[in-house]
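Peer 1: The structure under discussion is supplied below as structure tokens; questions concerning it will follow.
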């Protein structure tokens, strides 16, 4: 492209995860000169390499090899493979990761984005210094606009002896040499809860510890309670409302193990410990001070509604700005930031962003919850459908699934959709579409769904809701 300004690029993006990649490609499609800086040898960030893609692929491998989905039909002893190893699980995971890396790199190249390999650090308000990973010098690049999309890394609390094997974070999950018989997880956030259900599906005895009294306090209470019930049914021990005071590694005739001391006096002994107490923004070595920026105590950068930082021409997107820290929302933030940076109108509705939690069973939601509406004094009613009442649910063997609609008591306008069960993260998009055009639950009553499908749950739930109104 022809250089038309004093800067080397119109936009420099730091980080090649979902937010950074989408921002770079969006700007390139606006005919801007774009460079993307990535410190690793592969693109994709945490999402592709250690987080979202690996954990969801691992989950799918577990569901297949353990025969989990079919146990309701063929009995609890059913399994595709009797003795499952980490190598069995990583076979699929490695294949998917490598394929996604290739696709991401191809998309950047196809859109004319310059990929700069090295560690980025601010060297001024409009200058980014790219330090060679091999230590062979550096390159300074200037840009009119800069987008920070450096993502996060698993938080490592002082005093915890991480060794990557006995005591490890979610970033080191793929490095496990074998499946443990017992696993303790400290931290019942999304990551900790997902891994607790994944490993329990393999028969691993899991203990999940968290100082909060309930699971996933940002989701619908009924769904959270149902998840907790199914986790206990799968032999997960929940130690909620418990503080960890000490983590002790020891070795006996059973090999290397970990003892977790709780403030209540309880002790949890496990072969391995996953320490998952949140994530910290990768801003420590970014030299934010050179750009007049600061990060909070968890390495996060504050932004406004347009994803601008305190310095207007510098934007930040993705996990580094905090909640909701989802790949899907990060992509949208990247697109919106790039559009705003170059004066292109773009709209989105954050209140209708769907959430997908890949526990077993799967959870997804969009819109408002009962608790939220109660606090807001909005009169509502609910309608529910259970998978076991739906022919497709019987065919799949999923008796635990539930779809819950929340709608205004007077206007019947749909206000929220909450789902737990097979395909929840796909099924939720039907409700998302109806929410986006302000539709009512009558839409589901008047619509014909393919039969047999899980989508039929919407119609059943709508009828259930109307019956509750006494209509």
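Residue numbers (our numbering): 382 to 852. The beta-carbon is built from N, C-alpha and C at its ideal position, and this holds for glycine as well.
#1: Please look up how many angstroms separate the CB atoms of residue 322 and residue 695, rounded, as I've assumed it's under 8 Å.
#2: From the DSSP output, which residues share a beta bridge with residue 660?
#3: List the DSSP bridge partners of residue 766.
#4: For the region 499–571, list the beta strand (DSSP E) runs that are entirely contained and at least 3 residues long, ordered along the chain.
#5: Would you check if the distance between the CB atom of residue 340 and the CB atom of residue 668 is smaller than 8 Å?
#6: Have a look at residue 422 and residue 565 and give me their C-alpha separation to the nearest angstrom.
#7: In three-state DSSP terms, what is residue 437?
#8: Should residue 880 go down as buried or exposed, given a rule of 16 or more other Cβ atoms within 10 Å for buried?
#9: Is there a Cβ from chain B that is less than 8 Å from the Cβ of residue 851?
#10: Need the endpoints of the alpha helix (DSSP H) that residue 775 sits in, please.
#11: Use the C-beta contact count for residue 580: other C-beta atoms within 10 angstroms, 16 or more gives buried, fewer gives exposed.
#12: Between which two residues does the beta strand (DSSP E) containing residue 651 stretch?
#13: Assuming residue 481 contacts residue 562 (C-beta within less than 8 Å), just tell me the rounded distance between them.
#14: For residue 539, tell me which candidate among 583, 627 and 525 has the shortest Cα-Cα distance.
#15: Check the C-beta distance from residue 699 over to residue 399 and give it rounded, since I have them as a contact under 8 Å.
#16: Which residue spans inside the region 692–736 form an unbroken beta strand (DSSP E) run of at least 3?
#17: Can you give me the Cβ contacts of residue 384 inside the same chain, cut-off strictly under 8 Å, excluding the 5 residues immediately before and after it?
#18: Kindly indicate which three-state DSSP category residue 818 falls into: helix, strand or coil?
#19: Please go through the same chain and pick out, in chain order, the residues whose beta-carbon is closer than 8 Å to the beta-carbon of residue 598, but skip the five residues on each side of it.
#20: Return the residue from the list 704, 558 and 672 that minimises the CA-CA distance to residue 693.
#21: Using beta-carbon positions only, say whether residue 389 and residue 504 come within less than 8 Å of one another.
#22: Apart from the five residues on each side of it in sequence, which residues of its chain come closer than 8 Å, Cβ to Cβ, to residue 461?
#23: Who are the Cβ neighbours of residue 854 in its own chain at under 6 Å, not counting the five residues just before and after it?
#24: Could you tell me the distance, in whole angstroms, from the CA atom of residue 758 to the CA atom of residue 432?
#25: By DSSP's criteria, residue 631 is part of a beta bridge. Which residues make up the other side?
#26: With residue 586 as the anchor, note down where its beta strand (DSSP E) starts and where it stops.
#27: Does the structure place the region 722–741 close enough to the region 705–713 that three or more beta carbon pairs sit under 8 Å?
#28: My assumption, with CB atoms under 8 Å, is that residue 337 sits in contact with residue 851. Please give the rounded CB distance.
#29: Which value, in whole angstroms, describes the spacing of the CA atoms of residue 704 and residue 683?
#30: Ignore the nearest five residues each way along the sequence and tell me which others in residue 645's own chain have a CB closer than 7 Å to its CB.
Peer 2: Answer, in terms of the structure:
#1: Since the first residue shown for the chain is 382 and the last is 852, residue 322 is missing from the structure and cannot be characterised.
#2: Within the chain shown, the letter at position 279 stands for residue 660. For residue 660, which the question treats as bridged, DSSP gives the partners 535.
#3: Within the chain shown, residue 766 is the residue found at index 385, counting from 1. Paired residues: 784.
#4: 500–503, 508–512, 519–529, 533–535 and 563–567
#5: Absent from the structure is residue 340, since the part of the chain shown begins at 382 and ends at 852.
#6: As a first step, residue 422 is located in the chain shown; it is residue number 41 there, counting from the start. As a first step, residue 565 is located in the chain shown; it is residue number 184 there, counting from the start. Between residue 422 and residue 565, the C-alpha separation is close to 32 Å.
#7: Locating residue 437 in the chain shown gives position 56, counting from the first residue. If DSSP states are grouped into helix, strand and coil, residue 437 belongs with the helices.
#8: What the structure shows of the chain is the stretch from 382 to 852, and residue 880 is not part of that stretch, so it cannot be assessed.
#9: Protein chain content of the structure displayed is limited to a single chain, and chain B is not contained in it.
#10: Counted from its first residue, the chain shown places residue 775 at position 394. Element bounds for residue 775: 772–777.
#11: Translated into positions along the chain shown, residue 580 becomes position 199. By the neighbour-count rule (16 or more Cβ atoms within 10 Å), residue 580 is buried.
#12: Taking the chain shown and counting its residues from 1, the one referred to as residue 651 is at position 270. Run containing residue 651: 648–651, per the beta strand (DSSP E) assignment.
#13: Translated into the one-based positions of the chain shown, residue 481 becomes position 100. Translated into the one-based positions of the chain shown, residue 562 becomes position 181. Not a contact, Cβ separation roughly 32 Å.
#14: In the chain shown, counting from the first residue as 1, residue 539 sits at position 158. Closest option to residue 539, Cα to Cα, is 627.
#15: Residue mapping note: residue 699 aligns to position 318 of the chain shown, counting from 1. Residue mapping note: residue 399 aligns to position 18 of the chain shown, counting from 1. Contact holds; Cβ gap of about 7 Å.
#16: 695–697
#17: As a working note, residue 384 is residue 3 in the chain shown. With a pLDDT of only 48 at residue 384, under the threshold of 50, the placement of this residue in the model should not be trusted, and no figure is reported.
#18: Within the chain shown, residue 818 is the residue found at index 437, counting from 1. Coil at residue 818, not helix or strand.
#19: In the chain shown, counting from the first residue as 1, residue 598 sits at position 217. Excluding positions up to five away in sequence, the list reads 605.
#20: The residue labelled residue 693 in the question sits at position 312 within the chain shown. Answer by Cα proximity: 672.
#21: As a working note, residue 389 is residue 8 in the chain shown. As a working note, residue 504 is residue 123 in the chain shown. Contact: no.
#22: Sequence index remark: in the chain shown, residue 461 carries index 80 (1-based). Excluding positions up to five away in sequence, the list reads 445, 446, 447 and 448.
#23: Coverage of the chain is limited to positions 382 through 852, which leaves residue 854 absent and any answer about it impossible.
#24: For the purposes of this step, residue 758 is taken as the residue at position 377 of the chain shown. For the purposes of this step, residue 432 is taken as the residue at position 51 of the chain shown. Near 38 Å, if we compare the C-alpha coordinates of residue 432 and residue 758.
#25: Locating residue 631 in the chain shown gives position 250, where the first residue counts as 1. Paired residue(s): 638.
#26: The count along the chain shown starts at 1 and reaches residue 586 at position 205. 586–591 is the extent of the beta strand (DSSP E) around residue 586.
#27: yes
#28: Not covered by the structure: residue 337. The range shown for the chain is 382 to 852.
#29: Your numbering for residue 704 matches position 323 in the chain shown. Your numbering for residue 683 matches position 302 in the chain shown. Whole-angstrom Cα-Cα distance: 11 Å.
#30: On the chain shown, residue 645 is found 264 positions in, with the first residue counted as 1. Once the five neighbours on either side are set aside, the close Cβ partners of residue 645 are 623.
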